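Chemist:
There are 2 protein chains.
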Amino acid sequence: MALAETPWLRLVPAATLDRLAEQSVQHRVPAGSTLFEQAETPAFAQFLMAGSVDLLGVNGANEALIELVRPIDLLLPAAVLNRQPYLARARVLEEAHLVLIRAETFRAAVATDHALCLAILGCQAAQFRRQVKLGKNLKLRSAEERVGCYLLGLVQDVAPHGPVRLPLEKRLIAWHLGMTRETFSRILAAMERYGMHITGDTVTVTDMDALRARFHLDPLIDDPEPIVPLPVRRS
Amino acid sequence: MALAETPWLRLVPAATLDRLAEQSVQHRVPAGSTLFEQAETPAFAQFLMAGSVDLLGVNGANEALIELVRPIDLLLPAAVLNRQPYLARARVLEEAHLVLIRAETFRAAVATDHALCLAILGCQAAQFRRQVKLGKNLKLRSAEERVGCYLLGLVQDVAPHGPVRLPLEKRLIAWHLGMTRETFSRILAAMERYGMHITGDTVTVTDMDALRARFHLDPLIDDPEPIVPLPVRRS
DNA sequence: CTTCGGCATTGATCTGGATCAAAGCTTGTC
DNA sequence: GACAAGCTTTGATCCAGATCAATGCCGAAG
Numbered sequence: 002m003a004l005a006e007t008p009w010l011r012l013v014p015a016a017t018l019d020r021l022a023e024q025s026v027q028h029r030v031p032a033g034s035t036l037f038e039q040a041e042t043p044a045f046a047q048f049l050m051a052g053s054v055d056l057l058g059v060n061g062a063n064e065a066l067i068e069l070v071r072p073i074d075l076l077l078p079a080a081v082l083n084r085q086p087y088l089a090r091a092r093v094l095e096e097a098h099l100v101l102i103r104a105e106t107f108r109a110a111v112a113t114d115h116a117l118c119l120a121i122l123g124c125q126a127a128q129f130r131r132q133v134k135l136g137k138n139l140k141l142r143s144a145e146e147r148v149g150c151y152l153l154g155l156v157q158d159v160a161p162h163g164p165v166r167l168p169l170e171k172r173l174i175a176w177h178l179g180m181t182r183e184t185f186s187r188i189l190a191a192m193e194r195y196g197m198h199i200t201g202d203t204v205t206v207t208d209m210d211a212l213r214a215r216f217h218l219d220p221l222i223d224d225p226e227p228i229v230p231l232p233v234r235r236s
Numbered sequence: 002m003a004l005a006e007t008p009w010l011r012l013v014p015a016a017t018l019d020r021l022a023e024q025s026v027q028h029r030v031p032a033g034s035t036l037f038e039q040a041e042t043p044a045f046a047q048f049l050m051a052g053s054v055d056l057l058g059v060n061g062a063n064e065a066l067i068e069l070v071r072p073i074d075l076l077l078p079a080a081v082l083n084r085q086p087y088l089a090r091a092r093v094l095e096e097a098h099l100v101l102i103r104a105e106t107f108r109a110a111v112a113t114d115h116a117l118c119l120a121i122l123g124c125q126a127a128q129f130r131r132q133v134k135l136g137k138n139l140k141l142r143s144a145e146e147r148v149g150c151y152l153l154g155l156v157q158d159v160a161p162h163g164p165v166r167l168p169l170e171k172r173l174i175a176w177h178l179g180m181t182r183e184t185f186s187r188i189l190a191a192m193e194r195y196g197m198h199i200t201g202d203t204v205t206v207t208d209m210d211a212l213r214a215r216f217h218l219d220p221l222i223d224d225p226e227p228i229v230p231l232p233v234r235r236s
């Protein structure tokens, strides 16, 4: 079953994962669906196996991005573990493949199996650090810097120079970077100035030196946060 | 020893806590000291037993508040557990009483003792949720609303009407609420309009109805986040 | 091919809060 | 009491980014 292939669960005994798998339900959910609402009490632990999910804080009419969840990860395990209401709404961004486990079953498993508990602790710690990084990106950088660093990261990962495609609609990228589409659009146009050219959804680097001179990736903000599986130790 | 009195560690076997206590060092640190620097690799797990500590994200010259740690809690356990560099600088706000445990010792204990692992998981989950609440407060409310809700919460906790003292210097409160002292000062003056009067560090409510009509506390933002101890379960 | 509805661009304008610049206040020290 | 150093208040000005308003640009449906 899918859970068994999760890298950060590899130290968990197969027996435990099997027991969870028996109780689990798989679900495929199209983009745009709402998985749960803010203030709801979690009924399930939800593993995101594929696709992506946005978590949004809501206050009256406006929504603010809390987190972008990418596979394989849990959706707000903190609420499930502590038996507390979700602090955010979950909306599917790219068609999601979910594995649902009844909340009580999940908590019982964590309370029974030390290896599972350690894996979830590693996962929760990574989520915390991602949250901090998100906040730092927003508070410590201007809109232009956020865009610059985002694009620089994108280009570096995929192709040192060659043209790269934007992975999402622009309005969504803008939203994830914490600005309006208009501002994003203007900044993209202005990137010409720093050695980048954007036409449609294609990004081309024209002057990598200029780009690096203007935007500095910070590992403490931009590096992806890995989920570290902590080893169990015999007592 | 101090650790044994921590409410959220009460389900952890005394033997385990004793073993940690033996390896631990206590430390009293005056306000203003820096406990660790961003990007440092954690050498110790640090329990904050009394006082308070600010965590600050740093980028060149500017600092942004990441978290305000209040006792009893751990300072950035995520970094310690996952063997990764701190994402923030820690600066003592009010004289702190710390208990330090070598990082390796701490990780070994968590990997050995399931009950401890569950307690830390509860602690880490609570920290995650606090982080989310902090972010929502900042992104979903205007400066005026942040101040209004902060004061309303303060007044409600202490005395329904009677005058209340601000617990910190104004510049520090302003900083914690994510604005400059000037803005904070102006907003305090303007609170007259909504049924509150502030002179020096004393807050008086003149019209509770007006106050409540303007500012709405949201449990999903303003309620303190408790550390829930998860019970161990025999397998 | 045309039309329509959602994106994207571009320009003009607005605004919340920051920044800069003086004065007032406190508080502790000599 | 007088001074200094750090808070606080108040006013004037600035600015990044949002909002408002057209216009242009597809791609899908008929």
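Chains D and Z supply the protein sequences, listed in that same order. Offset between the first sequence (1-based) and my numbering: plus 1. Offset between the second sequence (1-based) and my numbering: plus 1. Every residue, glycine too, gets a C-beta built ideally from N, C-alpha and C. Only a predicted model underlies this, so the values are computations on that prediction, with no experimental measurement involved.
Span of the beta strand (DSSP E) holding Asp-223 of chain D?
Modeler: Segment 220-223 is the alpha helix (DSSP H) holding Asp-223 of chain D; no beta strand (DSSP E) there.
Chemist: Among the residues of its own chain, which have a CB less than 7 Å from the CB of Lys-137 of chain Z, if the five just before and after it don't count?
Modeler: Excluding positions up to five away in sequence, the list reads Ile-222.
Chemist: Could you work out which residues of chain Z lie near Phe-129 of chain D, taking near to mean beta carbons separated by less than 7 Å?
Modeler: Correct list: Ala-79, Gln-125, Gln-128, Phe-129 and Gln-132.
Chemist: With a 10 Å radius around its C-beta and 16 neighbouring C-beta atoms as the bar for buried, classify Asp-114 of chain Z as buried or exposed.
Modeler: By the neighbour-count rule (16 or more Cβ atoms within 10 Å), Asp-114 of chain Z is buried.
Chemist: Can you pull the chain D neighbours of Gln-39 of chain Z, defined as C-beta to C-beta under 8 Å?
Modeler: By Cβ distance, chain D contributes Leu-221.
Chemist: Give every residue of the same chain whose Cβ lies closer than 7 Å to the Cβ of His-28 of chain D, excluding the five residues on either side of it in the sequence, and list them in chain order.
Modeler: Counting only Cβ-Cβ distances below 7 Å, and skipping sequence neighbours, we find Leu-99 and Leu-101.
Chemist: Anything in the stretch 85-111 of chain Z with a Cβ closer than 8 Å to a Cβ of chain D? List those residues in chain order, please.
Modeler: Within the stretch 85-111 of chain Z, the qualifying residues are Gln-85, Pro-86, Leu-88, Ala-89, Arg-108, Ala-109 and Val-111.
Chemist: Cβ of Arg-234 of chain D less than 8 Å from any chain Z Cβ?
Modeler: Interface residue, yes.
Chemist: Secondary structure at Ser-53 of chain Z, three-state DSSP: helix, strand or coil?
Modeler: Strand at Ser-53 of chain Z.
Chemist: Beta-carbon of Arg-115 of chain D versus every beta-carbon of chain Z: anything under 8 Å?
Modeler: For clarity, residue 115 of chain D is His in the given sequence; the question names Arg instead. Yes, His-115 of chain D counts as interfacial toward chain Z.
Chemist: Distance check for Val-26 of chain Z and Gly-179 of chain D, CA to CA, integer angstroms please.
Modeler: Their Cα atoms are separated by approximately 43 Å.
Chemist: Which residues in chain Z sit within 7 Å of Ile-73 of chain D, going by Cβ to Cβ distance?
Modeler: Those within 7 Å of Ile-73 of chain D in chain Z number zero; the least Cβ separation is about 17 Å.
Chemist: Give the residues of chain D in contact with Ala-65 of chain Z, contact being defined as C-beta atoms less than 9 Å apart.
Modeler: Going along chain D in sequence order, the residues near Ala-65 of chain Z (Cβ under 9 Å) are Gly-136, Lys-137, Leu-139, Lys-140 and Leu-141.
Chemist: Return no unless some Cβ of chain D is closer than 8 Å to the Cβ of Leu-21 of chain Z.
Modeler: It does not: the Cβ of Leu-21 of chain Z has no partner Cβ on chain D nearer than 8 Å.
Chemist: Starting from Ala-116 of chain D, trace the alpha helix (DSSP H) in both directions and tell me its first and last residue.
Modeler: Per DSSP, Ala-116 of chain D belongs to the alpha helix (DSSP H) from 115-141.
Chemist: So, at 8 Å on beta carbons, what are the nonlocal neighbours of Glu-38 of chain Z in its own chain, with the 5 sequence-adjacent residues on each side left out?
Modeler: Excluding positions up to five away in sequence, the list reads Tyr-87 and Arg-90.
Chemist: Give every residue of the same chain whose Cβ lies closer than 6 Å to the Cβ of Gly-196 of chain Z, excluding the five residues on either side of it in the sequence, and list them in chain order.
Modeler: For Gly-196 of chain Z, where only same-chain residues beyond five positions count, the Cβ hits under 6 Å are Thr-207, Asp-208, Ala-211 and Leu-212.
Chemist: What first and last residue would you give for the alpha helix (DSSP H) that runs through Arg-20 of chain D?
Modeler: From DSSP, the alpha helix (DSSP H) with Arg-20 of chain D extends over 15-24.
Chemist: Compute the distance between the beta-carbons of Leu-82 of chain Z and Leu-231 of chain Z, then report whether it is under 8 Å.
Modeler: Their beta carbons are not under 8 Å apart, which means Leu-82 of chain Z does not touch Leu-231 of chain Z by this criterion.
Chemist: For Pro-78 of chain Z, does the count of other Cβ atoms within 10 angstroms reach 16, so buried, or fall short, so exposed?
Modeler: Buried, because 16 or more other Cβ atoms sit within 10 Å of the Cβ of Pro-78 of chain Z.
Chemist: Tell me which same chain residues have a C-beta within less than 7 Å of the C-beta of Thr-203 of chain Z, skipping the five on either side of it?
Modeler: Taken in chain order, the residues that qualify are Pro-164 and Arg-166.
Chemist: So Phe-37 of chain Z is in the beta strand (DSSP E); what residue range does that whole segment cover?
Modeler: Counting along the chain, the beta strand (DSSP E) containing Phe-37 of chain Z begins and ends at 35-37.
Chemist: If you follow the alpha helix (DSSP H) that Glu-95 of chain Z is part of, which residue opens it and which one closes it?
Modeler: That residue, Glu-95 of chain Z, is in no alpha helix (DSSP H); its beta strand (DSSP E) goes 90-103.
Chemist: Is it the case that the Cβ atoms of Arg-182 of chain D and Arg-172 of chain D are separated by a distance below 8 Å?
Modeler: Result yes, Cβ atoms of Arg-182 of chain D and Arg-172 of chain D sit closer than 8 Å.
Chemist: Per the DSSP calculation, His-198 of chain Z is bridged to which residue(s)?
Modeler: Answer is Z:Thr-205, bridged to His-198 of chain Z.
Chemist: Over what stretch of residues does the alpha helix (DSSP H) that includes Glu-183 of chain D continue unbroken?
Modeler: Residues 182-191.
Chemist: What's the C-alpha gap between Glu-146 of chain Z and Leu-135 of chain Z?
Modeler: Near 14 Å, if we compare the C-alpha coordinates of Leu-135 of chain Z and Glu-146 of chain Z.
Chemist: To the nearest angstrom, how far is the alpha carbon of Met-224 of chain D from that of Gln-125 of chain D?
Modeler: The displayed chain sequence assigns Asp, not Met, to residue 224 of chain D. Cα to Cα, Asp-224 of chain D sits roughly 17 Å from Gln-125 of chain D.
Chemist: Quick check: the Cα distance between Gly-201 of chain D and Leu-189 of chain D, rounded to an integer number of angstroms?
Modeler: Each residue's Cα considered, the two are about 10 Å apart.
Chemist: Sort D:Leu-94, D:Arg-20, D:Leu-66 and D:Asn-60 by Cα distance to Ala-32 of chain D and report the nearest one.
Modeler: Taking only the C-alpha atoms, the option nearest Ala-32 of chain D is D:Leu-94.
Chemist: Could one say the Cβ of Gly-58 of chain Z lies closer than 8 Å to chain D's Cβ atoms, at least one of them?
Modeler: It does: the Cβ of Gly-58 of chain Z has a partner Cβ on chain D nearer than 8 Å.
Chemist: Indicate the three-state DSSP secondary structure (helix, strand or coil) for Gln-85 of chain D in the structure shown.
Modeler: In this structure, Gln-85 of chain D counts as coil in the three-state DSSP scheme.
Chemist: Hey, Ala-46 of chain Z and Leu-75 of chain Z: beta-carbon distance below 8 Å or not?
Modeler: Yes.
Chemist: Does Cys-118 of chain Z have its Cβ less than 8 Å from a Cβ in chain D?
Modeler: Yes - at least one Cβ of chain D is within 8 Å of the one on Cys-118 of chain Z.
Chemist: Quick one: which chain Z residues come within Cβ less than 7 Å of Ile-121 of chain D?
Modeler: Within chain Z, the residues near Ile-121 of chain D are Leu-122.
Chemist: Whole angstroms is fine: what's the gap from Leu-139 of chain Z's alpha carbon to Thr-35 of chain D's?
Modeler: Taking the straight line from one Cα to the other gives about 24 Å.
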